Amino acid sequence: MRFRLTPRETSFYELFATAADNVLSGSKLLMELLGADAATRVDLAERMRAAEHAGDDATHAIFHQLNSSFITPFDREDIYRLASRLDDIMDFMEEAVDLVVLYGIDELPKGVDQQIEVLFRAAELTADAMPRLRTMRNLDEYWIEVNRLENQADQIHRKLLAHLFNGSYEAIEVMKLKQIVDVLEEAADAFESVANTVETIVVKES
Amino acid sequence: MRFRLTPRETSFYELFATAADNVLSGSKLLMELLGADAATRVDLAERMRAAEHAGDDATHAIFHQLNSSFITPFDREDIYRLASRLDDIMDFMEEAVDLVVLYGIDELPKGVDQQIEVLFRAAELTADAMPRLRTMRNLDEYWIEVNRLENQADQIHRKLLAHLFNGSYEAIEVMKLKQIVDVLEEAADAFESVANTVETIVVKES
Amino acid sequence: MRFRLTPRETSFYELFATAADNVLSGSKLLMELLGADAATRVDLAERMRAAEHAGDDATHAIFHQLNSSFITPFDREDIYRLASRLDDIMDFMEEAVDLVVLYGIDELPKGVDQQIEVLFRAAELTADAMPRLRTMRNLDEYWIEVNRLENQADQIHRKLLAHLFNGSYEAIEVMKLKQIVDVLEEAADAFESVANTVETIVVKES
Numbered sequence: 001m002r003f004r005l006t007p008r009e010t011s012f013y014e015l016f017a018t019a020a021d022n023v024l025s026g027s028k029l030l031m032e033l034l035g036a037d038a039a040t041r042v043d044l045a046e047r048m049r050a051a052e053h054a055g056d057d058a059t060h061a062i063f064h065q066l067n068s069s070f071i072t073p074f075d076r077e078d079i080y081r082l083a084s085r086l087d088d089i090m091d092f093m094e095e096a097v098d099l100v101v102l103y104g105i106d107e108l109p110k111g112v113d114q115q116i117e118v119l120f121r122a123a124e125l126t127a128d129a130m131p132r133l134r135t136m137r138n139l140d141e142y143w144i145e146v147n148r149l150e151n152q153a154d155q156i157h158r159k160l161l162a163h164l165f166n167g168s169y170e171a172i173e174v175m176k177l178k179q180i181v182d183v184l185e186e187a188a189d190a191f192e193s194v195a196n197t198v199e200t201i202v203v204k205e206s
Numbered sequence: 001m002r003f004r005l006t007p008r009e010t011s012f013y014e015l016f017a018t019a020a021d022n023v024l025s026g027s028k029l030l031m032e033l034l035g036a037d038a039a040t041r042v043d044l045a046e047r048m049r050a051a052e053h054a055g056d057d058a059t060h061a062i063f064h065q066l067n068s069s070f071i072t073p074f075d076r077e078d079i080y081r082l083a084s085r086l087d088d089i090m091d092f093m094e095e096a097v098d099l100v101v102l103y104g105i106d107e108l109p110k111g112v113d114q115q116i117e118v119l120f121r122a123a124e125l126t127a128d129a130m131p132r133l134r135t136m137r138n139l140d141e142y143w144i145e146v147n148r149l150e151n152q153a154d155q156i157h158r159k160l161l162a163h164l165f166n167g168s169y170e171a172i173e174v175m176k177l178k179q180i181v182d183v184l185e186e187a188a189d190a191f192e193s194v195a196n197t198v199e200t201i202v203v204k205e206s
Numbered sequence: 001m002r003f004r005l006t007p008r009e010t011s012f013y014e015l016f017a018t019a020a021d022n023v024l025s026g027s028k029l030l031m032e033l034l035g036a037d038a039a040t041r042v043d044l045a046e047r048m049r050a051a052e053h054a055g056d057d058a059t060h061a062i063f064h065q066l067n068s069s070f071i072t073p074f075d076r077e078d079i080y081r082l083a084s085r086l087d088d089i090m091d092f093m094e095e096a097v098d099l100v101v102l103y104g105i106d107e108l109p110k111g112v113d114q115q116i117e118v119l120f121r122a123a124e125l126t127a128d129a130m131p132r133l134r135t136m137r138n139l140d141e142y143w144i145e146v147n148r149l150e151n152q153a154d155q156i157h158r159k160l161l162a163h164l165f166n167g168s169y170e171a172i173e174v175m176k177l178k179q180i181v182d183v184l185e186e187a188a189d190a191f192e193s194v195a196n197t198v199e200t201i202v203v204k205e206s
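Protein chains in written order, with UniProt numbering: chain E, 1 to 206; chain B, 1 to 206; chain G, 1 to 206.
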């Protein structure tokens, strides 16, 4: 067991772990979205909204802690960035589910399932990595793998764009679906941003 | 009359008050946009551009002050964020008016008036709050209310999206109108961001 | 010849010069895009991707240097911002070329050539200015001119939007082309952001 300097430092780690666990829950709801019928989707959107509010609470707790602490376990700007980007992931995932319900999308184009699987995998890795911020050990595989996943998400997103514009969709339909696949791509970018911030923190400490 | 520590500290407060007053002027021009005929709109767009330039001058003055001051009344990053986000609000409001003129929009969909009223109310609260940064008092009602307004803006924006995609608009028309309602939503987000930065500043000082 | 404090300080300047030279190479590939046939475009997209990867390497080297240096030649946040925004320019330019190929655009609308010429001119000025960060001299013409170019880019972009929506394009086509002209406009904004960061650095030091 590691000696704890102050109770305050401890709770930053716990708050980041909570935020990342919440992101993982959100990504599981996204997975459930695939193949869900209309009624289930409305239910999923509500549970997603609850998860997003829980994320807001975690972010707010981190900011409050940050603003009222003299000493922080890593640079203030890095804590701010890490919390903000974890919060962004939840916002993007919640927006995606919300748009599917709002636009009454019947069938998501093939490829969206791959986007969501990549997000789920990134969420697992992130939730797994956050508790290791305490010891700063074994984090490099995490950020390398998340960067690899983001490249994969990028390829899937490009293929989806080409598919949406191949002439088989009406313009209005393209607009709706493009907004959804774009927001899922933004979620993948935000995961990479979290991983890059973790790398920054580790490099500074080493 | 309050004792002033240095002339420099004073002027940050004055510059933020100027920037927020300018945002309030911009939001009044947005209100005038509703129901204005084509000729008046062109005139409003010009006055909006002038207001946006005045905002740029205020932002530039704050950055210049920031970069040449050794001592600042609150954290440099917070001053930077506050000025940048106030500037963003003006940019988004100016862009909205500009797009209405550029795209020759005949009639704005119902709901845009509500978006603009929320922005006007947020601008009033913000202009009212900025001078209180000096004493740091009675600012919590401000940021709570702006967060509430942003949630309201979000709901209005979602309803507008559902309306635009309900089949009564041509695809090209949806694109034009969506760009306008999205940029108004971005203005509402920027107001919330200003309020969150003010909260950050107050929490740090307390 | 200027006395060098430490080898470390030197290499920030060199890394920024490398990043800006790389942006200039990217802008030349954009210029070649105009009037290129389909086969050449695919080749250009590949060379652009290589340039973007070289940019990533430069950005990563700057961040690594930043995170492992105790002393930096200017404020850490300014170094971070400068590197990030140079990186953004490359990303936007690469995305533009990629979209032209992905969407199989036959003919770019008149005005895109002007957008690209402005980007090329801004890239020349930026690559020319970066080495002068070492002495901090003669940089004001650079940022004034880049701000002027961004205003010009803005005007060109607005005219392009009006053109795309004038009724001569199908909705699907408008969507594709709008995405391309928007991302080129974002590249122009990022050049302005780089120039503003350089101004910040110089004002702090003066």
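Even for Gly, the Cβ is constructed at its ideal location relative to N, Cα and C.
As the structure is a prediction and not an experimental result, all values here were calculated from the model.
CA nearest to the CA of residue i, picked from the options
i	options	result
B:Gln155	B:Leu108, B:Glu185, B:Ile79, B:Ser25	B:Glu185
G:Met31	G:Val118, G:Ala162, G:Ala50, G:Ser69	G:Val118
B:Leu182	B:Ile144, B:Thr59, B:Lys159	Note on residue identity: the sequence assigns Asp, not Leu, to residue 182 of chain B. Nearest C-alpha to B:Asp182: B:Lys159.
B:His157	E:Glu77, E:Ser168, E:Glu95	E:Glu95
B:Ala188	B:Leu139, B:Glu205, B:Glu124	B:Glu124
B:Gln115	B:Leu139, B:Gln152, B:Trp143, B:Asp140	B:Gln152
B:Leu66	B:Val23, B:Val97, B:Tyr80	B:Tyr80
B:Ala50	B:Leu99, B:Leu33, B:Asn22, B:Arg76	B:Asn22
E:Ala36	E:Val100, E:Val174, E:Tyr142, E:Ala127	E:Val100
E:Pro109	E:Gly55, E:Ser25, E:Arg137, E:Val174	E:Val174
E:Asp91	E:Ala171, E:Tyr169, E:Ala61, E:Ala54	E:Ala54
E:Ala105	B:Tyr169, B:Phe165, B:Ile144	The question names Ala, but residue 105 of chain E is Ile in the sequence shown. Ranking B:Tyr169, B:Phe165, B:Ile144 by Cα distance to E:Ile105 puts B:Phe165 first.
E:Met93	E:Met136, E:Glu141, E:Leu24	E:Leu24
8 Å Cβ cutoff, residue i in contact with chain B
i	result
E:Phe12	no
G:Phe74	no
G:Thr126	no
E:Ser84	no
G:Ala195	no
E:Phe191	no
E:Ser206	no
E:Phe63	yes
E:Asn147	no
G:Ala153	no
Neighbourhood of residue i by C-beta, 8 Å cutoff - its chain only, sequence neighbours within 5 removed
i	result
B:Met1	Any reading at B:Met1 needs caution, since the residue's pLDDT is 42, under 50, leaving its predicted position unreliable; the model's value is listed next. Around B:Met1: no qualifying Cβ.
B:Val203	none
G:Leu161	Lys178, Val181
B:Val97	Leu29, Leu30, Leu33, Arg41, Leu44, Ala45, Met48
G:Leu139	Ala129, Arg132, Leu133, Val198, Glu199, Val202
B:Thr59	Ala19, Ala83, Ser84, Leu86, Asp87
Environment of residue i [buried if 16+ CB atoms lie within 10 Å]
i	result
residue 210 of chain G	With chain G covering 1 to 206 only, the question about residue 210 of chain G has no answer from this structure.
G:Val42	exposed
residue 207 of chain E	The requested residue 207 of chain E does not occur in the structure, where chain E is confined to residues 1 to 206.
B:Ile71	exposed
E:Ser206	exposed
E:Ile89	buried
G:Glu107	exposed
E:Ser27	buried
G:Gly167	exposed
Proximity test, Cβ basis, 8 Å: residue i and chain G
i	result
E:Val181	no
E:Val174	yes
E:Ala187	no
E:Phe92	no
Own chain residues within Cβ distance below 7 Å of residue i, not counting five before or after
i	result
E:Asp78	Thr197, Thr200, Ile201
B:Gly111	Ile156, Lys159, Leu160, His163
residue 218 of chain B	Nothing in the structure corresponds to residue 218 of chain B, since chain B is present only between 1 and 206.
G:Tyr103	Lys176
G:Ala61	Leu15
Cβ of residue i within 8 Å of any chain E Cβ
i	result
B:Leu99	no
G:Tyr103	yes
B:Phe16	no
B:Val203	yes
B:Leu161	yes
G:Arg2	Per-residue confidence for G:Arg2 stands at a pLDDT of 46, beneath the threshold of 50, marking its modelled position as unreliable; no derived number is given.
Sequence-distant residues of its chain with Cβ nearer than 6 Å to residue i (five each side left out)
i	result
G:Ala17	Met130, Pro131
G:Asn20	The displayed chain sequence assigns Ala, not Asn, to residue 20 of chain G. Closer than 6 Å at Cβ, skipping near neighbours: Thr126, Ala127, Met130.
B:Glu52	Met90, Glu94
Check: residue i C-beta below 7 Å from any heavy atom of the ligand SAM
i	result
E:Asp43	With respect to the ligand SAM, the structure shown offers nothing to examine, as it has no ligands at all.
* Answer yes if the stretch 69-87 of chain E comes into contact with the stretch 191-202 of chain E, meaning at least three C-beta pairs across the two stretches below 8 Å, and no otherwise. => yes
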